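What follows is a short report on a single structure.
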Amino acid sequence: MELLREREQLRQAMQEQPVIDMACGVLMVGFACDLREAKSLLAAVAGRADASVREVAEAVASAARGKPLPELLQEHLVTAARARQTGRT
Numbered sequence: 001m002e003l004l005r006e007r008e009q010l011r012q013a014m015q016e017q018p019v020i021d022m023a024c025g026v027l028m029v030g031f032a033c034d035l036r037e038a039k040s041l042l043a044a045v046a047g048r049a050d051a052s053v054r055e056v057a058e059a060v061a062s063a064a065r066g067k068p069l070p071e072l073l074q075e076h077l078v079t080a081a082r083a084r085q086t087g088r089t
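Numbering (the working numbering), first residue to last: 1 to 89.
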């Protein structure tokens with residue numbers, strides 16, 4: 001049973017990683033940051049929005065394709081980016 005659960009977790013992670021990578025790329029360009037900072041921004045927004053990193057990444061990736069980023073996520077992203085600039089988390 002444990003092996004099946006681990007296999008499912010790996011499968012899910014492999015499906016989620018491309019959208020997370022795309023969102024990180026969008027954030028790296030948009031906020032002139034490196035990969036570590038982009039991942040940190042995703043995690044910070046997810047925490048503030050009470051959402052998963054995958055959900056935030058999907059919204060950011062969709063925004064890069066022209067779909068508006070939900071206002072609440074925009075606010076959390078701006079807050080996280082400002083905190084990054086001032087050295088706070």
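Quick reminder that beta carbons are idealized off the backbone N, C-alpha and C, glycines included. Every value quoted in this text rests on a predicted model; they were computed, and no experiment measured them.
Cutting at 7 Å between CB atoms, please list the residues of its own chain near residue i, excluding the five before and the five after it.
{"i": "Val45", "result": "Val56, Leu73, His76, Leu77, Ala80"}
{"i": "Val26", "result": "Val60, Ala61, Ala64"}
The alpha helix (DSSP H) that contains residue i, what's its start and end?
{"i": "Ser40", "result": "35–49"}
{"i": "Arg82", "result": "71–86"}
{"i": "Leu62", "result": "The question names Leu, but residue 62 in the sequence shown is Ser. Looking at the DSSP string, the run of the alpha helix (DSSP H) that includes Ser62 is 53–64."}
{"i": "Pro18", "result": "2–31"}
Can you give me the Cβ contacts of residue i inside the same chain, cut-off strictly under 8 Å, excluding the 5 residues immediately before and after it?
{"i": "Ala43", "result": "Val53"}
From the options, pick the residue whose C-alpha is nearest to that of residue i; which is it?
{"i": "Ser62", "options": "Ala83, Leu10, Asp21", "result": "Asp21"}
{"i": "Gln85", "options": "Cys33, Ala23, Cys24", "result": "Cys33"}
Given residue i, which residues of its chain have a CB within under 6 Å of its CB, disregarding the five upstream and five downstream residues?
{"i": "Glu58", "result": "Val19"}
{"i": "Arg48", "result": "His76"}
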